[in-house]
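Here the structure is laid out as structure tokens; the discussion comes afterwards.
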Amino acid sequence: MIKITFPDGSVREFKEGISSIEVAKSISEGLARKVLAASVNGQVWDASRPIYEDATLKLLTWDDKDGKLTFWHSSAHLMAEAVESLFPGVKFWVGPALEKEQGFYYDMDLGGRQITEDDLRKLESKMNELAKQNNSYQRKELSKKEATDYFNEKGDEYKLDLLSGLEDGTITFYTQGNFTDLCRGPHIPSTGFIKAIKLTNIAGAYWKNDSRNKQLTRIYGVTFPAQKELDEYLNLLEEAKKRDHRKLGKELGIYTMDDDVGPGLPLWMPNGTIIIEELENLAKETEKAGGYKRVVTPHIAKESMYITSGHLPYYQDSMYPPMELEGQKYYLKSMNCPHHHKIFAAEPRSYKDLPLRLAEYGTCYRYEQSGELFGLMRVRCLHMNDAHIYCSREQFADEFRAVNDMYLKYFKIFGIDKYVMRLSLHEPSKLGQKYINEPELWKETEAMVREVLIESNIPFVEVQDEGAFYGPKIDVQIWSTIGREFTLATNQVDFAQSRRFKLEYTNKDNAPDVPLIIHRAPLGTHERFIGFLLEHYAGKLPLWLAPVQVKVLPISDRFLDYANSILQSLKNADIRAEIDDRSEKIGKKIRDTELMKVPYMLVVGEKEMNEQKVAVRRQGKGDLGAKGIDEFIREAGIEIKERKADEK
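What the sequence shown shows, in my numbering, is residues 1117 to 1764, in sequence order.
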């Protein structure tokens, strides 16, 4: 007999070799029908895989992230079976589930054939047909020789390449219906679980993500256990298209890209620059109240500084190539921290100077791969709401907590209701390679961060092998109003840079000591955060953030003088306002202003002029009635000053 420990801590005995699905049936038949996979001792397994020793067990359903990922990876295999049946001779590379999005893709070599939208519909139909056959996903372990012989016979260079990197004794095949693939799994019990299918996109993808290699065809898809869920997803997809920051950025004159400037290098238009300035004003006010001191650093630095920081060996692939000047190599700044460390080191420091908080909206340059560039979300020039806090160990908890409180303040201002902190930890086996080789300091600082999060009652999850090379970090995950997930910012602990830069302060015992460093960027970068806000608000930014806050709309040219006097009153009150003095009907002026997402419209005609009032309209809410201009300015001024969040 073996002992199975469940998530609630209860323990039950079962016969050796029992599967997770059989355990589920012993609890309830209804539960067993929902189980997609199982977490056995922290590893995701097929629900049908036998368990031969004592284990912790969590049964995974559609409600679990790993359940969904298993469902979508199994759907990729179902799609591959459909492709193989319609296009014989196809060769497959990889077909993963998408962790940060929904669904899956499969990369394939179709021998030069071009897939069309009509082909996608045929493939969907075939997938539905195969799903209804309710074929089980069967796992089989093979020796490396057996697997190699199998793919040699098929002449499949892609799978042979994958096999070359695998150790003998670790190789598994999965088969469902007439399709067999090299795969480590896991998979759902059978194809019958897949009830709703949509193939969403066709793209090109270089083999191994290397532009020197052959370009393969990538087919994206998404599946669900019920048609209702697919319908909801497709509706959400349509809404997301309307909110796409690239579309809104162009329509609202926020930013532009130009081939002569280069990919991933946005040019901020006047409207976008206003948003940047408002965000920076918010950050400056908040940081001033939090005791930060502002600094400014250059955009380039010598190679020696990045060797000292350790960024060159760990981060060089994301940095622009160096420039040779006067026999020295200079790099474009890809991060602000080394510059701030130099400012700390420029003067003698004592414990009375700590905590020292240095803040900068620093411009950084990162060489993101061309295929990873995406609107404002992945760019090569970015403006970061950066700061570095130098503190003692005794001050760390309060400082780290204060940074988290700053996040919560910003969440409230921008109406961000759903968020989670990802505590990213190191992987002990990669010390000295991916991570600084200081095992005890890793344990200590990870425990310190975890303790602050628990004490602060902030929702967080722990993720292995995603820390910064110099210490653990928090990645802040937020969700827009339609449920799309974004990575907003980071809050990092650094126990390595102080030693590398020989940063010291004199402690209370008049002895030299080394500060801990907190890297934080609560508003992330202008680029990513503005991209998020455009999608979050569907372009309808709150009044304080809107590039144009008020549009004055005269009904006809007869009222232009009065309209211009209203415009001047608004400008005198520091309200960003414009006038629509075109010879157009008022209905068109209102519609055009609505399309430009201007929060307020002030319509003026004969009645308004005679009564010295304005007819107020609000974006998305319509007519709010007539008001005196002074009353409107007073009310709008309060809304702007308090940075009130409007409905999204």
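Ideal placement from N, C-alpha and C gives every residue a C-beta, glycine not left out.
Residue i vs residue j beta-carbon contact at 8 angstroms
i	j	result
Lys1311	Gln1331	no
Gly1647	Leu1492	yes
Ala1163	Pro1305	yes
Tyr1535	Gln1593	yes
Ile1745	Val1730	yes
Leu1395	His1652	no
Tyr1336	Asn1317	yes
Leu1364	Gly1736	no
Tyr1483	Met1451	no
Phe1289	Glu1197	no
Glu1620	Asp1610	no
Glu1578	Leu1604	no
Ile1370	Ile1391	yes
Arg1734	Val1719	no
Ala1612	Ile1570	no
Range covered by the beta strand (DSSP E) that runs through residue i
i	result
Ile1671	Taken as a continuous stretch (DSSP letters only), Ile1671 belongs to no beta strand (DSSP E), as it is neither H nor E.
Thr1288	Ile1287 to Gln1292
Gln1485	No beta strand (DSSP E) contains Gln1485, which DSSP labels as neither H nor E.
Ile1594	Lys1589 to Trp1595
Trp1161	Gln1159 to Trp1161
Lys1656	First-last for Lys1656: undefined, no H or E at that position.
Arg1733	Lys1729 to Arg1734
Asp1677	Per DSSP, Asp1677 belongs to no beta strand (DSSP E); it is in the alpha helix (DSSP H), Leu1676 to Asn1688.
Met1545	At residue 1545 the sequence reads Ser, which differs from the Met that was named. Element bounds for Ser1545: n/a, residue is neither H nor E.
Cross-strand partners of residue i (DSSP beta bridge)
i	result
Met1117	Paired residue(s): none; Met1117 is not in a bridge.
Pro1166	Ser1135
Asp1502	Glu1476
Arg1255	Tyr1290
Met1712	None; Met1712 has no bridge partner.
Asn1317	Tyr1336
Val1609	Ile1634
Pro1628	Thr1622
Gln1444	Leu1441
Residue span of the alpha helix (DSSP H) that contains residue i, given as start and end
i	result
Asp1235	Glu1233 to Lys1248
Phe1309	Here Phe1309 belongs to no alpha helix (DSSP H), and DSSP marks it neither H nor E.
Ala1196	Lys1181 to Leu1202
Arg1759	It is not in any alpha helix (DSSP H) - Arg1759 carries neither H nor E in the DSSP assignment.
Asp1277	Glu1273 to Ser1280
Ile1459	Cys1453 to Ala1461
Best match in the options for proximity to residue i [C-alpha to C-alpha]
i	options	result
Asp1326	Gly1487, Asn1501, Asp1690 and Thr1561	Gly1487
Pro1414	Glu1442, Gly1478 and Glu1354	Gly1478
Ile1706	Val1668, Gly1741 and Val1730	Val1668
Ala1154	Leu1276, Leu1547 and Thr1121	Thr1121
Gly1426	Leu1298, Gly1133, Tyr1408 and Pro1454	Pro1454
Ile1671	Ile1167, Phe1645 and Ser1699	Ser1699
Tyr1221	Ser1191, Lys1445, Glu1419 and Leu1152	Ser1191
Tyr1266	Ser1252, Ile1287, Asp1514 and Leu1639	Ile1287
Leu1176	Ile1167, Tyr1168 and Gln1159	Gln1159
Ala1475	His1499, Gly1125, Lys1468 and Tyr1481	His1499
Arg1465	Asn1623, Ile1118, Trp1188 and Ile1598	Asn1623
Thr1172	Trp1178, Phe1130 and Leu1632	Phe1130
Met1117	Cys1497, Trp1558, Ile1134 and Leu1276	Ile1134
Coarse secondary structure for residue i, derived from DSSP in three states
i	result
Lys1764	Note on Lys1764: pLDDT 46, under 50, position unreliable in the model; the coordinate value appears next. Correct three-state label for Lys1764: coil.
Arg1496	coil
Phe1585	coil
His1635	strand
Gly1406	coil
Arg1362	helix
Phe1748	helix
Val1536	strand
Thr1561	helix
Thr1296	strand
Leu1436	With the sequence shown as reference, residue 1436 is identified as Tyr, and Leu is not the correct amino acid for it. Coil.
Gln1511	helix
Ile1702	helix
Asp1265	helix
Val1568	helix
Val1519	helix
Ala1148	helix
Gly1753	helix
Met1373	coil
Met1385	coil
Gln1331	strand
Thr1229	According to the sequence shown, residue 1229 is Arg rather than Thr. In this structure, Arg1229 counts as coil in the three-state DSSP scheme.
Short CB-CB distance (under 8 angstroms) between residue i and chain B
i	result
Tyr1322	The structure shown contains no chain B; it holds only a single protein chain.
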